[in-house]
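Number of protein chains: 2
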Amino acid sequence: MTISQQEITQRLDNFRQAVRNQGLPLTPQKLEIFRIVASSCSHPQAQDIYEQVKNKFTNISLATVYKNLIQFQKLGLIIEIPLAGAPNRYDAKLETHCHVVDTKQGKVYDLGGNQKLKLPTKIMGQKIKKTDIIYYL
Amino acid sequence: MTISQQEITQRLDNFRQAVRNQGLPLTPQKLEIFRIVASSCSHPQAQDIYEQVKNKFTNISLATVYKNLIQFQKLGLIIEIPLAGAPNRYDAKLETHCHVVDTKQGKVYDLGGNQKLKLPTKIMGQKIKKTDIIYYL
DNA sequence: ATATAATGGAGAATAGTTATTAATTGATAT
DNA sequence: ATATCAATTAATAACTATTCTCCATTATAT
């Protein structure tokens, strides 16, 4: 499974715009961290991202990665996938979709195919902020 | 929302039987830990359970609570609910069902009503062990 | 009663994540 | 270009949830 260059470009454009709209500095580190998440379909962990960013920014700190991931979440640019007994994963695909966790391989996939779950958008008058649907194999 | 005494009794019976079937000692601590989870509908955290068990077993250790929760999971007697940015919750209702997280109140509810999600039981030939559906308000 | 295997409790250790700090950098207005 | 100022980075420390280690104790089957 892969992700189109077009989609990546769109995510990056959207990212730059969102950060600027907030009047926040767009640092190369920030951009690289987001780029890694946005161009991956492996739902990387903070540690994975950290190791990749280090290719460009040798001195980057893991804490910087975490701080930015939190910020991106607050801006609605990425989502966090909390897993049972494993570090959180991160995803730049924002639409609600299902995740499949292959515990043995330690991998997380998007559920392809024509899943048609009718999901609620509100519960007892309150808006649902985020929906996690996770299948563990 | 509440849980019937009958259901609790059934869960406890099932618990005792399952533990004995494994040839494991059925200690009063074990039973109390399970009883707390089985008779609650608040999806308690390990810490909550710990504080309740202490009413009966003043000297119990939090590690003992965790150790037993892990064991109960392995025996398929309870399930763990991993949440974003919060300690895990535990639930003795085993059938797949949806959870609603009220982040502000720090509470987790079962989704009542007649939710009719058609969930898969297999993905690419592999059996799904556990399904988490979590709505964050 | 006794053997044995698992348990409980105390505390230390670990893993993942977040906070603190000081120095630096990026964006904006001049 | 330059000054300004808030936000950022990187390093480190701190924190929280959870797991591990150890040894005395206890439940279970004989």
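Sequence lines, in order, name chains E and F.
Using our numbering, read the first sequence as starting at 114 and increasing by one per residue.
Using our numbering, read the second sequence as starting at 114 and increasing by one per residue.
Where is the CB? At the ideal position from N, CA and C, for every residue including glycine.
Going by DSSP in three states, E164 (chain E) sits in which element: helix, strand or coil?
For this step, residue 164 (chain E) is matched to residue 51 along the first sequence. Reduced to three states, the DSSP call for E164 (chain E) is helix.
Throw me the rounded Cβ distance for the E193 (chain F) and N201 (chain F) pair, which I believe falls under 8 Å.
Along the second sequence, read from residue 1 onward, the residue named residue 193 (chain F) stands at position 80. Along the second sequence, read from residue 1 onward, the residue named residue 201 (chain F) stands at position 88. That pair is a contact at about 5 Å.
Mind pulling the chain F residues with CB within less than 7 Å of K242 (chain E)?
As a working mapping, residue 242 (chain E) is identified with position 129 in the first sequence. Within 7 Å Cβ-Cβ: Y249 and L250.
Using Cβ-Cβ distances below 7 Å, what residues of the region 163-194 of chain F are close to chain E?
Flagged, chain order: E193.
Here's a check: name, in chain order, each residue in its chain whose Cβ is nearer than 7 Å to the Cβ of T216 (chain E), leaving out the five neighbours to either side.
Position 103 of the first sequence, counted from the start, is the residue given in the question as residue 216 (chain E). These residues qualify, in order along the chain: Y249 and L250.
Report the three-state DSSP secondary structure of K235 (chain E) (helix, strand or coil).
Numbered from 1 along the first sequence, position 122 holds the residue referred to as residue 235 (chain E). In the three-state DSSP reduction, K235 (chain E) falls in the strand class (E or B).
Straight-line Cα distance separating A176 (chain E) from L144 (chain E)
Stepping through the first sequence from its first residue, residue 144 (chain E) is reached at position 31. Stepping through the first sequence from its first residue, residue 176 (chain E) is reached at position 63. One C-alpha to the other measures close to 16 Å.
Rounded to whole angstroms, how far is the Cβ of R124 (chain F) from the Cβ of A205 (chain F), which I believe are closer than 8 Å?
Taking the second sequence and counting its residues from 1, the one referred to as residue 124 (chain F) is at position 11. Taking the second sequence and counting its residues from 1, the one referred to as residue 205 (chain F) is at position 92. Confirmed, Cβ separation roughly 5 Å.
For the alpha helix (DSSP H) that I241 (chain E) lies in, which residues bound it at each end?
On the first sequence, residue 241 (chain E) is found 128 positions in, with the first residue counted as 1. For I241 (chain E), there is no enclosing alpha helix (DSSP H), as DSSP gives it neither H nor E.
Which bits of chain F does A205 (chain E) rub up against, with CB to CB less than 9 Å?
Stepping through the first sequence from its first residue, residue 205 (chain E) is reached at position 92. None at all; the shortest Cβ gap to chain F is about 17 Å.
Could you tell me if L196 (chain F) is buried or exposed, where buried requires 16 or more neighbouring beta carbons within 10 angstroms of its beta carbon?
Here residue 196 (chain F) is taken as the residue at index 83 of the second sequence, counted from 1. So L196 (chain F) counts as buried.
Kindly say whether D223 (chain F), judged by its beta-carbon, lies nearer than 8 Å to any beta-carbon of chain E.
Along the second sequence, one-based indexing puts residue 223 (chain F) at 110. Chain E contact via Cβ: absent.
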